[in-house]
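Q: Residue numbers for the sequence shown follow my numbering, beginning at 912 and rising by one. What follows is a single structure, and I will ask about it in a moment.
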Amino acid sequence: MSMKSIRTKLKLNNKQKTLMAQHAGYSRWVYNWGLSLWNAAYRDSYQPNARKLREVFTNHTKPLYPWMKSLSSKVYQYALINLGEAFKRFFSFGMLRKQGLGKYPRFKKKGKHDSFTIDNCGKPIELNGWSHKLPFIGMVKTYEPIEATTQKITISRQADDWYLSLAFEFTPTSTEKITDVVGVDLGVKTLATLSTGEVFNSVKPYRKAQNKLAKLQRQVSRKVKHSRNWYKAVIKLAKQHRRVANIRKDALHKLTTYLAKNHGSVVIEDLNVSGMLANHKLAKSIADQGFYEFRRQLEYKCQWYGSELVVVDKFFPSSKTCSNCGHVQDMPLSLRTYDCPDCGLSIDRDLNASINLRNAVGSTVNACG
Ligand SMILES: [Zn+2]
């Protein structure tokens, strides 16, 4: 058993987003209140601490602000604990100082690192699947399934999205593996090609959504910059971007779960952009993110299901090498088939690459008996 942490995006409606923003605002308010009191106490040569601040807040400050009653009181308790810890870091010298962790606590600004922490009054918080009942907050959904039991959760904002972070104790549950080692080649035309010959196609709605994305992009560029209609078009475009990203992510989840559950070792190439570099800049940046997301999911899912993730150096010529005899040749992207002049092998280029990745770990595959 070991401690793991996870940070994942929340799927919230507007009402929930407002609730999150209120709690983050509450947390910031209390943190800043605590910091100014702390500063004032120092000036009067008192030694403040988080416990004392909490007493003052509970008994004297909170009753003055009725709006705080409608929010979880865990928020202010953790805000003051965090403030206390920030001071602790500031006063600890040595290694921490060198790492730049011990700066004097600063006032929090709205919209910058908005976050808050709550717990379940000593009871564990169980998360299982795609919907979760959080203390005080109620039901929330996540974009990926989570299985964890934790003591406290932190919810934070990044741009317009809210994320859930938590730490949990983790015991891996090994699943039965159908294949010993599998090589995976990520592509543009196909989502992934496995060395077993299986192909995960790019999802169709994804292509459709991408066409729409291109159309919206054109609409934005035709509008007068900063005009009303331009803003409208920009918002539409941003929403479509998100839609495309979500569709891709769903497909990625299916793929990574399948890989981690059913294979002893999963071999991937580090930053597999060989095929993607040919596309224009936008496609590349999306594709790159897709790769990082793919790897992130594989990393934790391999731990969940007791398999091993092997990342092969990006200079390994998986596309250029013949998976049968080791001959190396240039493979322009237009060539969809690897034709080997040495041994006569003729094979799909992605399949060839995935077999090379599988072989790169040096395991004997298909060993019978
Ligand atoms: Zn060959």
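In this text, a Cβ means the ideal position worked out from N, Cα and C, and glycines have one as well.
For residue 1087 and residue 1214, what's the separation of their Cα atoms in angstroms?
A: The residue you call residue 1087 lines up with position 176 of the sequence shown. The residue you call residue 1214 lines up with position 303 of the sequence shown. Those two C-alpha atoms are separated by around 14 Å.
Q: With a Cβ-Cβ cutoff of 8 Å, do residue 939 and residue 1021 count as a contact?
A: Taking the first residue of the sequence shown as position 1, residue 939 is located at position 28. Taking the first residue of the sequence shown as position 1, residue 1021 is located at position 110. For residue 939 and residue 1021, yes; Cβs fall inside 8 Å.
Q: If you follow the alpha helix (DSSP H) that residue 1161 is in, where does it begin and where does it stop?
A: Reading the sequence shown from its first residue, position 250 is the one you call residue 1161. Unbroken alpha helix (DSSP H) run through residue 1161: 1139–1173.
Q: Taking 7 Å as the cut-off, is the CB of residue 1233 close to at least one heavy atom of ligand 1?
A: As a working mapping, residue 1233 is identified with position 322 in the sequence shown. Yes, the Cβ of residue 1233 comes within 7 Å of a heavy atom of ligand 1.
Q: Looking at the secondary structure, which residues open and close the alpha helix (DSSP H) in which residue 963 lies?
A: As a first step, residue 963 is located in the sequence shown; it is residue number 52 there, counting from the start. That run of the alpha helix (DSSP H) goes 961–967.
Q: Whose C-beta lies closer than 8 Å to the C-beta of residue 914 among residues of the same chain, with five residues either side of it excluded?
A: Along the sequence shown, one-based indexing puts residue 914 at 3. For residue 914, where only same-chain residues beyond five positions count, the Cβ hits under 8 Å are 1078, 1079, 1080, 1081.
Q: Is residue 1250 near ligand 1, judged by its Cβ being under 7 Å from some heavy atom?
A: Position 339 of the sequence shown, counted from the first residue, corresponds to residue 1250. Not so, every heavy atom of ligand 1 lies at least 7 Å from the Cβ.
Q: For residue 941, collect the residues of the same chain with a Cβ closer than 6 Å to its Cβ; drop the 5 residues on either side in sequence, then sort them by chain order.
A: Here residue 941 refers to the residue found at position 30 of the sequence shown. Only 987, 990 meet the Cβ criterion.
Q: Among all the DSSP beta bridges, which residues are the ones paired with residue 1180?
A: Against the sequence shown, residue 1180 aligns to sequence position 269. The partner list for residue 1180 (beta bridge, DSSP) reads 1223.
Q: If you count every other CB in all the chains shown that lies within 10 Å of the CB of residue 929, and 16 or more means buried, which is it?
A: The residue given as residue 929 occupies position 18 in the sequence shown. Exposed is the call here.
Q: I need the boundaries of the beta strand (DSSP E) containing residue 998, first residue and last residue.
A: The count along the sequence shown starts at 1 and reaches residue 998 at position 87. Premise fails: residue 998 lies in the alpha helix (DSSP H), 985–1002, not in any beta strand (DSSP E).
Q: Which class does residue 1272 belong to by DSSP, given the choice of helix, strand or coil?
A: Taking the first residue of the sequence shown as 1, we reach residue 1272 at position 361. Three-state result, residue 1272: coil.
Q: For a quick check, are the C-beta atoms of residue 1113 and residue 1101 less than 8 Å apart?
A: On the sequence shown, residue 1113 is found 202 positions in, with the first residue counted as 1. On the sequence shown, residue 1101 is found 190 positions in, with the first residue counted as 1. Taking 8 Å as the Cβ cut-off, residue 1113 and residue 1101 qualify as a contacting pair.
Q: Pop quiz: residue 931 and residue 1141 are said to be a contact at Cβ under 8 Å. What is the actual Cβ separation, rounded to whole angstroms?
A: If you number the sequence shown from 1, residue 931 lands on position 20. If you number the sequence shown from 1, residue 1141 lands on position 230. Not quite, the Cβ-Cβ distance comes to about 29 Å (not below 8 Å), so this is no contact.
Q: Report yes if the C-beta distance between residue 1059 and residue 917 is below 8 Å; otherwise report no.
A: Here the question's residue 1059 lines up with position 148 in the sequence shown. Here the question's residue 917 lines up with position 6 in the sequence shown. Yes, the Cβ-Cβ distance between residue 1059 and residue 917 is below 8 Å.
Q: Whole angstroms are fine: how far does the CA of residue 1066 sit from the CA of residue 1053?
A: Counting from one through the sequence shown, the residue named residue 1053 turns up at place 142. Counting from one through the sequence shown, the residue named residue 1066 turns up at place 155. Spanning the two alpha carbons is a distance of roughly 12 Å.
Q: Here's the rule: buried if 16 or more other CB atoms are within 10 angstroms of the residue's CB, otherwise exposed. What is residue 1216?
A: Translated into positions along the sequence shown, residue 1216 becomes position 305. Burial call: buried.
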